[in-house]
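Mapping the sequence shown onto UniProt numbering, position 6 (from 1) lands on 6, and the numbers just tick up by one. Working notes for the structure below.
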Amino acid sequence: MKPRVALIGPGRLGQALTALLRRAGYPVVAVIGRDAARNRAAARFIGLPDEVAGTELTAAAAADILLLCVADDALRPLAQALHASGILRPTHLLIHCSGLHPADILTGSGGCARLALHPLQTFATAEQGLANLPGSFMSLQGEATALAAGEQLVRDLGGHHLILSAELKPLYHAAACLVSNYVTSLIACACDLLAEAGPARQHFPQAFAPLLHSAIANSLALGPEQALTGPIVRGDAGTLACHLQAIAAQHPALLPLYRALADQTLELAGRSGRLAEADRQRLAALLHNPAPASPGSALSEI
Ligand SMILES: NC(=O)c1ccc[n+]([C@@H]2O[C@H](COP(=O)([O-])OP(=O)(O)OC[C@H]3O[C@@H](n4cnc5c(N)ncnc54)[C@H](OP(=O)(O)O)[C@@H]3O)[C@@H](O)[C@H]2O)c1
1 MKPRVALIGP GRLGQALTAL LRRAGYPVVA VIGRDAARNR AAARFIGLPD
51 EVAGTELTAA AAADILLLCV ADDALRPLAQ ALHASGILRP THLLIHCSGL
101 HPADILTGSG GCARLALHPL QTFATAEQGL ANLPGSFMSL QGEATALAAG
151 EQLVRDLGGH HLILSAELKP LYHAAACLVS NYVTSLIACA CDLLAEAGPA
201 RQHFPQAFAP LLHSAIANSL ALGPEQALTG PIVRGDAGTL ACHLQAIAAQ
251 HPALLPLYRA LADQTLELAG RSGRLAEADR QRLAALLHNP APASPGSALS
301 EI
């Protein structure tokens, strides 16, 4: 029989993860949160009767695995509250899902094994997370016994595990945010640039979809250096100058972001061997010119 699970913090990730564990044969004995109505709704989402939902931490005593899916900042106080409740036994496995924090943020856990299990997946809603989680990578960090249990959980969730040191977690999480949250922010910025696009505005962001999908697919299949296209790797100074001028005139708040990304792209283009050093230097000078060159003057350079 699979270990029994109690979910504490039935938000987007907690509901999706627990629903998948239930489908994989893990008995779910408690769904615990601060709001009774939200707890019942979460229990139903997971496929459980209302009776499993509650607001008392003591209901978690019947479980073998305590899945702590609260906000990152609430993890430490929750671990302390669990300790104070007196329900923790050394056989319990405490799991949190923060990409940033190490397992031992769950202090005062009375000798329980502790595991940080972080899905490299985004849970915009519980439904979407449930659909996308199988096949995802999930990072594991913790002591050896916790890691062994985590590997089994990841297998049962249909995922792939990768083991991290506690020290790497801040950089790992920053990298995950770059490819997830910040891609979302970039899409929002791209839409902002087109705020005055008139009737065409209604087609965004959907009109970006094929471009975005291809850029991601090519980056993964070919590697970023070979996947890179666009004015920078082509050495098109005139095009870059036009971008800078238009953004400076109409959306100046986005200029530092555009410059920073263009800088990174210059670096990537240089590394790829596809941009001559003289062109790289010319583009770098244009990028860091405090008053962007007019399209006319830049065009005269090429
Ligand atoms: N969402 C993602 O894409 C994602 C991806 C990977 C990892 N994670 C990790 O998963 C964990 C949960 O994130 P989430 O996105 O699922 O969050 P969420 O949807 O906001 O859900 C958070 C849950 O924690 C509860 N909670 C929040 N603060 C609390 C507090 N101070 N005391 C007690 N309960 C509290 C909330 O209860 P109320 O409903 O009462 O507020 C809710 O049930 C976090 O560690 C996060 O880093 C999330």
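All residues carry an ideal CB built from backbone N, CA and C; glycine is no exception. Model, not experiment: these values are computed from the prediction.
Output the distance between the C-alpha atoms of residue i and residue j, rounded to the nearest integer angstrom.
i           : j      : result
Arg271      : Ile216 : 19 Å
Leu212      : Tyr182 : 14 Å
Phe208      : Pro27  : 43 Å
residue 358 : Ala16  : Outside the displayed span of the chain (1 to 302) sits residue 358, for which this structure offers no information.
Thr91       : Ile232 : 57 Å
Leu20       : His161 : 16 Å
Ala298      : Ala246 : Legend: pLDDT at Ala298 = 42, less than 50; position of this residue unreliable, value from coordinates given subsequently. Between Ala298 and Ala246, the C-alpha separation is close to 14 Å.
Ala43       : Pro49  : 6 Å
Cys112      : Gly129 : 28 Å
Ala248      : Ser136 : 40 Å
Asp64       : Thr125 : 27 Å
Leu220      : His243 : 27 Å
Ala175      : Leu261 : 15 Å
Lys2        : Arg22  : 10 Å
Ala131      : His288 : 44 Å
Gly14       : Gly159 : 16 Å
Gln202      : His251 : 20 Å
Counting only the same chain and skipping the five closest in sequence on each side, list residues whose C-beta sits under 7 Å from that of residue i.
i      : result
Leu117 : Ile95, Cys97, Met138, Leu140, Gly150 and Leu153
Leu78  : Ile8, Leu68 and Val70
His173 : Gly99 and Leu100
Ser85  : Leu57 and Thr58
Asn218 : Ala227
So, using beta-carbon positions, are residue i and residue j closer together than 8 Å?
i      : j      : result
Leu254 : Leu193 : yes
Glu257 : Cys189 : At residue 257 the sequence reads Leu, which differs from the Glu that was named. Yes, they are a contact pair.
Leu57  : Leu88  : no
Gly142 : Leu171 : no
Asn39  : Thr18  : no
Leu240 : Leu286 : yes
Ala166 : Pro102 : yes
Pro134 : Leu157 : yes
Leu66  : Ala60  : yes
Asp279 : Gly235 : yes
Could you name the residues of the same chain whose beta carbon sits closer than 8 Å to that of residue i, not counting the 5 residues immediately before and after it, in chain order?
i      : result
Glu277 : Gly270
Leu222 : none
Ile163 : Ser139, Leu140, Gln141 and Leu147
Arg4   : Tyr26, Pro27, Val28, Val29, Ala62, Ala63, Asp64 and Ile65
Ser214 : none
Measure how close the beta-carbons of residue i and residue j come, nearest whole angstrom, since I'm counting them as under 8 Å.
i      : j      : result
Arg274 : Ala237 : Actually they are not in contact, since the Cβ atoms of Arg274 and Ala237 sit about 16 Å apart, beyond 8 Å.
Leu93  : Ala146 : 6 Å
Ala53  : Val29  : So it is not a contact: roughly 11 Å between Cβ atoms.
Leu268 : Pro224 : 6 Å
Pro205 : Cys191 : 5 Å
Ser180 : Thr122 : 5 Å
Here's a check: name, in chain order, each residue in its chain whose Cβ is nearer than 6 Å to the Cβ of residue i, leaving out the five neighbours to either side.
i      : result
Arg155 : none
Arg76  : Ile105
Thr265 : Ile232
Cβ contact check for the region 4-17 and the region 64-77: 3 or more pairs under 8 Å: Touching, yes, given that three or more Cβ pairs across the two stretches are closer than 8 Å.
Decide yes or no for the touch test of the region 27-37 against the region 104-118: beta carbon pairs closer than 8 Å, at least 3 of them. No contact exists between the region 27-37 and the region 104-118.
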